[in-house]
Amino acid sequence: MTRLVIRGATLPDGRSTDILVAEGLIAELGTGLTDTKARVVDADGLLALPGLVDLHTHLREPGFEHGETVLTGSRAAAAGGFTAVHAMANTSPVADTAGVVEQVMSLGETAGYVTVRPVGAVTVGLLGDRLAEIGAMALSRAAVRVFSDDGKCVSDALLLRRALEYVKSFGGVVAQHAQEPRLTEGAQVNEGRLSSELGLAGWPAVAEEAIIARDALLAGHVGARLHVCHVSTAGSVEVVRWAKARGIPITAEVTPHHLLLTEELARGYDARFKVNPPLRRQEDVEALRAGLADGTIDAIATDHAPHPLEAKDCEWDVAAFGMVGLESALSVVQAALVDNGVLGWADVARVLSSTPASIGGLDGYDRGIAAGVPAALTLIDPTASRVFSADDLRGRSVNSPYLSMTMPGRVIGTIHRGYETVRDGVLVDENEVAQRATESREQHRG
Ligand SMILES: [Zn+2]
Numbered sequence: 267m268t269r270l271v272i273r274g275a276t277l278p279d280g281r282s283t284d285i286l287v288a289e290g291l292i293a294e295l296g297t298g299l300t301d302t303k304a305r306v307v308d309a310d311g312l313l314a315l316p317g318l319v320d321l322h323t324h325l326r327e328p329g330f331e332h333g334e335t336v337l338t339g340s341r342a343a344a345a346g347g348f349t350a351v352h353a354m355a356n357t358s359p360v361a362d363t364a365g366v367v368e369q370v371m372s373l374g375e376t377a378g379y380v381t382v383r384p385v386g387a388v389t390v391g392l393l394g395d396r397l398a399e400i401g402a403m404a405l406s407r408a409a410v411r412v413f414s415d416d417g418k419c420v421s422d423a424l425l426l427r428r429a430l431e432y433v434k435s436f437g438g439v440v441a442q443h444a445q446e447p448r449l450t451e452g453a454q455v456n457e458g459r460l461s462s463e464l465g466l467a468g469w470p471a472v473a474e475e476a477i478i479a480r481d482a483l484l485a486g487h488v489g490a491r492l493h494v495c496h497v498s499t500a501g502s503v504e505v506v507r508w509a510k511a512r513g514i515p516i517t518a519e520v521t522p523h524h525l526l527l528t529e530e531l532a533r534g535y536d537a538r539f540k541v542n543p544p545l546r547r548q549e550d551v552e553a554l555r556a557g558l559a560d561g562t563i564d565a566i567a568t569d570h571a572p573h574p575l576e577a578k579d580c581e582w583d584v585a586a587f588g589m590v591g592l593e594s595a596l597s598v599v600q601a602a603l604v605d606n607g608v609l610g611w612a613d614v615a616r617v618l619s620s621t622p623a624s625i626g627g628l629d630g631y632d633r634g635i636a637a638g639v640p641a642a643l644t645l646i647d648p649t650a651s652r653v654f655s656a657d658d659l660r661g662r663s664v665n666s667p668y669l670s671m672t673m674p675g676r677v678i679g680t681i682h683r684g685y686e687t688v689r690d691g692v693l694v695d696e697n698e699v700a701q702r703a704t705e706s707r708e709q710h711r712g
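Written as structure tokens, this is what we have:
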């Protein structure tokens, strides 16, 4: 097993410390730590964050392996400083049975870069007609806790109510992609002045806000947990704030791109900026940042949505929705929130690690960086700056909106289950990572 002494790292609260990693755990914190068998990682000037947890990742396997696989998406995640991701269910076949979620989890274990937690579909085939085998997925080896038809909205109120009642029995959560389907038929960009100017069908904010309001009331009625995916409008922040004030068990996430980019980027008809929900106005960006700062929005989730070149390198109206986001997330968060003082690094640790882990029911992340917890760590250089390029992408697709933008911060190290997946700023070779993952599993079995 790997042993590491991380020398002189700065913790999110500003303290400086050495960190001893052994047997897959953070064994000790303190100054002047030594271990003759350990590799020494010089972390002078580096910030240590708890391993990042993504609540919303599209890994595309099974079925869409030309866009991404569990292995390539796991590599992208590790490169971005993540140690766990929740893999969305809109694969082919859809992750609506115990068999598919167990397959996705196993592929993640074999790859070994991150913990892959499958999300189960709410309805069979994401078709919105009848409930999927929620209980069987929860009881499977994958122990699914998050259920979502993401990509599609569970628009039938009765089905959503039944799903909430079902997940309540085992403490699960329904994650809703809030998009009223009739109000967004053919929609291409945020509805408003810009959509009229560009002659593209508008996507009204109310299509998101109306579903969140309805579902919050249903969750309150049932007494079950509702999570709202990728909140994108100022009105949605208000609705979530209202629901929380009423004591409704609701949580919400926002993506990095909705915290930084606006609809103005659609002007060039460059489909890299086409995303669901669409980029909104600067007022919405400001409201989302404020909502995150005051705790109305609980977590940042990437909605990493890889697509092969042919699906994005085409006319705006036929291009696929979505952006890759794992490798850029931390830099975008630094640019949108940290460098302008909206959040401190301790807040970043909360919204990108402990809170998403708690929402997803993932153990080991509730105490942050502390002795005795599983070693999931991200070392970053917040003073670095780089022009973001395709070389920074480690997944199979390159549909990033940030290419050629200057971005702050850089991931120098990622440690998952006590072994390195990123070392000295370079993604560790997949054979070495798979070997370490096998050793880690054997140790936990033995
Ligand atoms: Zn979605």
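Each residue of the sequence shown is one higher than the last, beginning at 267 in the working numbering.
Ideal Cβ positions, reconstructed from N, Cα and C, are used throughout, including at glycine.
Nearest candidate by alpha-carbon position, reference residue i, set the options
i	options	result
Lys-663	Gly-317, Met-589, Gly-394, Thr-687	Residue identity differs from the one stated: residue 663 is Ser in this sequence, not Lys. The shortest Cα separation from Ser-663 among Gly-317, Met-589, Gly-394, Thr-687 belongs to Met-589.
Gly-417	Gly-452, Gly-311, Phe-587	Phe-587
Ala-444	Pro-667, Leu-397, Asp-629, Leu-426	Leu-426
Gly-679	Ala-314, Arg-305, Asp-284, Gly-296	Ala-314
Val-567	Lys-303, His-324, Asp-647, Val-307	Correcting the residue identity first, residue 567 is Ala in this sequence and not Val. Selected option, being the one with the closest Cα: His-324.
Asn-356	Tyr-379, Gly-339, Glu-327	Glu-327
Ala-637	Arg-281, Gly-296, Ala-471	Gly-296
Glu-457	Ala-342, Gly-513, Ala-404, Arg-546	Arg-546
Gly-280	Asp-310, Val-472, Gly-298	Asp-310
Trp-469	Ile-477, Leu-460, Leu-483, Ala-453	Ala-453
Gly-684	Met-671, Thr-672, Ser-706, Val-382	Ser-706
Pro-543	Gly-691, Met-671, Glu-451, His-682	Glu-451
Arg-747	Ala-559, Glu-463, Leu-628	Nothing can be reported for residue 747: it is not among the residues displayed for the chain, which extend from 267 to 712.
Gly-561	Leu-645, Glu-399, Gly-329, Ala-518	Ala-518
Ala-641	Ile-292, Arg-273, Arg-491	Ile-292
Ala-482	Arg-305, Ser-666, Gly-513	Gly-513
Gly-465	Val-639, Ser-655, Pro-667, Trp-582	Trp-582
Continuous beta strand (DSSP E) stretch holding residue i: start and end
i	result
Pro-544	Segment: none, Pro-544 is in no beta strand (DSSP E) and carries neither H nor E.
Ile-285	282 to 288
Met-589	Element bounds for Met-589: n/a, residue is neither H nor E.
Ala-785	The question about residue 785 has no answer here: the residues shown for the chain are numbered 267 through 712.
Ile-516	516 to 520
Ala-361	Ala-361 -> no beta strand (DSSP E), and no H or E assigned at all.
Gly-274	270 to 276
Val-307	305 to 308
Helix, strand or coil at residue i [DSSP, three-state]
i	result
Leu-313	strand
Asp-550	helix
Ala-559	helix
Ala-350	strand
Tyr-432	helix
Val-617	helix
Arg-673	Residue identity check: residue 673 is Met in the sequence provided, not Arg. It is a strand residue.
Leu-525	helix
Asp-583	helix
Ile-681	strand
Leu-321	strand
Glu-530	helix
Thr-338	helix
Asp-632	coil
Ala-601	helix
Arg-538	helix
Val-686	Checking the displayed sequence, the identity of residue 686 turns out to be Glu instead of Val. Residue state, collapsed to three classes: strand.
Arg-407	coil
Leu-425	helix
Val-494	strand
Pro-622	helix
Val-639	coil
Leu-659	coil
Val-412	strand
Residue interval of the alpha helix (DSSP H) (run including residue i)
i	result
Arg-652	Unbroken run through Arg-652 is the beta strand (DSSP E), 643 to 653; no alpha helix (DSSP H).
Glu-705	696 to 711
Glu-368	364 to 377
Val-382	Note, Val-382: premise wrong, no alpha helix (DSSP H); beta strand (DSSP E) at 381 to 384.
Glu-576	575 to 578
Lys-418	Segment: none, Lys-418 is in no alpha helix (DSSP H) and carries neither H nor E.
Arg-507	500 to 511
Residue i Cβ short of 7 angstroms to ligand 3 heavy atom set
i	result
Cys-580	In terms of ligand content, the structure shown lacks ligand 3 and carries ligand 1 instead.
Paired residues, beta bridge with residue i - DSSP
i	result
Thr-302	In the DSSP output, where bridge partners are listed per residue, Thr-302 has none listed.
Ala-565	Glu-519
Phe-330	Paired residues: none, contrary to the question.
Val-692	Arg-689
Leu-596	Answer is none; Leu-596 lacks a bridge partner.
Leu-397	Thr-389
Identify every run of the beta strand (DSSP E) within the segment 435 to 490, keeping only runs that are complete inside it and at least 3 residues long; order them along the chain. 439 to 442
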